[in-house]
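Student: Pasting a structure here, questions to come.
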Amino acid sequence: TEYKRALELKPDPGVRLNLALAYYKAEQLPLAVETLKKVREEAPQNQQVVTVLADSYLRLGRNKEVIDLLSPVQRTDPENPTFNYLLGTALVRDGQAANGQVIINKILKNGDSAEARLLMGITKFMVKDFAGALADFQKAIDLNPELTDLYSYYGLALLTTGDQAGARKAFEQELRRDPNNFDANLRLGVLLRQDQANDDALKYFQHALQ
11 TEYKRALELK PDPGVRLNLA LAYYKAEQLP LAVETLKKVR EEAPQNQQVV TVLADSYLRL
71 GRNKEVIDLL SPVQRTDPEN PTFNYLLGTA LVRDGQAANG QVIINKILKN GDSAEARLLM
131 GITKFMVKDF AGALADFQKA IDLNPELTDL YSYYGLALLT TGDQAGARKA FEQELRRDPN
191 NFDANLRLGV LLRQDQANDD ALKYFQHALQ
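First residue of the sequence shown? That's 11 in this note's numbering, and the numbers climb one at a time after it.
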């Protein structure tokens, strides 16, 4: 509210960025995106704006917009690990496995990492190599269990390979870190529905719809 009042008195890119970050931290991602787009017009060279905007797009599932935003930036800053990870994730999720592999190789040049393992796992999952994906997700958890979406993908891989109990635990773990993860809410609701826990399932379905 105070940032909005300040902007009414005097438009300022720094204040608008603070407003965007407040939306981002409050998980109001559509509002964060719209505000960040305005900040980018005012301060096109600000890398923090590009990073947070790309991450917001990614978390909203708007993969093509991540690609459009970061592809030209990545060409001018090819070794930026954050840009590489965000762009690689968007490419893999968009089904562009070959282009995503190029980015994965850039990340792997700096050694094994949770980010690279997650990207490799998503790539394998997309081509239905579920056992291979599961192994990569497990390795990523060993390296950095706090990585965004990691437990959600791990749960999907467990579910696909028949481990419903393990998948449920993974989705619950993802929701402890990010209560607004769509896939975790949806899949956990499905598992609860199968167990006839309809009231509990309904809560997760309603959150997924939101």
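Glycine included, every Cβ here is placed at the ideal spot set by N, Cα and C.
Rounded to whole angstroms, what is the Cα-Cα separation between residue 135 and residue 27?
Tutor: Numbered from 1 along the sequence shown, position 125 holds the residue referred to as residue 135. Numbered from 1 along the sequence shown, position 17 holds the residue referred to as residue 27. Whole-angstrom Cα-Cα distance: 36 angstroms.
Student: Would residue 150 be called buried (16 or more neighbouring beta carbons within 10 Å of its own) or exposed?
Tutor: As a first step, residue 150 must be located in the sequence shown, where it is residue number 140. Per the 10 Å Cβ criterion, buried.
Student: Give the secondary structure of residue 193 by DSSP, where H, G and I count as helix, E and B as strand, and everything else as coil.
Tutor: To locate residue 193, count along the sequence shown from 1; it is residue 183. Correct three-state label for residue 193: helix.
Student: With distances taken between CB atoms, is the gap from residue 171 to residue 144 smaller than 8 angstroms?
Tutor: Mapped onto the sequence shown, residue 171 falls at position 161. Mapped onto the sequence shown, residue 144 falls at position 134. Yes, Cβ-Cβ distance for residue 171 and residue 144 is below 8 angstroms.
Student: Would you mind sorting residue 125 into buried or exposed? The rule is 16 or more other CB atoms within 10 Å of its CB.
Tutor: Stepping through the sequence shown from its first residue, residue 125 is reached at position 115. Result: buried.
Student: Of all the options 58, 167 and 154, which has the alpha carbon lying nearest to the alpha carbon of residue 138?
Tutor: Along the sequence shown, one-based indexing puts residue 138 at 128. Considering only alpha carbons, the answer is 167.
Student: Measuring only the C-alpha atoms, how far is residue 190 from residue 148?
Tutor: Here residue 190 refers to the residue found at position 180 of the sequence shown. Here residue 148 refers to the residue found at position 138 of the sequence shown. Roughly 22 angstroms between the two C-alpha positions.
Student: Assuming residue 177 is part of the alpha helix (DSSP H), what are its boundary residues?
Tutor: Position 167 of the sequence shown holds residue 177. From DSSP, the alpha helix (DSSP H) with residue 177 extends over 174-187.
Student: Among the candidates 154, 164 and 119, whose CA atom is the shortest distance from the CA of residue 141?
Tutor: Looking up residue 141 in the sequence shown gives position 131. Nearest of 154, 164 and 119 to residue 141, Cα basis: 164.
Student: How long is the line joining the alpha carbons of residue 2 and residue 180, rounded to whole angstroms?
Tutor: Here the chain covers residues 11 to 220 and nothing more, so residue 2 does not appear.
Student: For residue 183, collect the residues of the same chain with a Cβ closer than 6 angstroms to its Cβ; drop the 5 residues on either side in sequence, then sort them by chain order.
Tutor: As a position in the sequence shown, residue 183 is number 173, starting the count at 1. Hits under 6 angstroms: 161.
Student: What's the gap between the Cα of residue 82 and the Cα of residue 75?
Tutor: Stepping through the sequence shown from its first residue, residue 82 is reached at position 72. Stepping through the sequence shown from its first residue, residue 75 is reached at position 65. Going from the Cα of residue 82 to the Cα of residue 75 covers about 12 angstroms.
Student: Could you tell me if residue 65 is buried or exposed, where buried requires 16 or more neighbouring beta carbons within 10 angstroms of its beta carbon?
Tutor: Start at 1 with the first residue of the sequence shown, and residue 65 comes out as number 55. Buried, by the Cβ-count rule.
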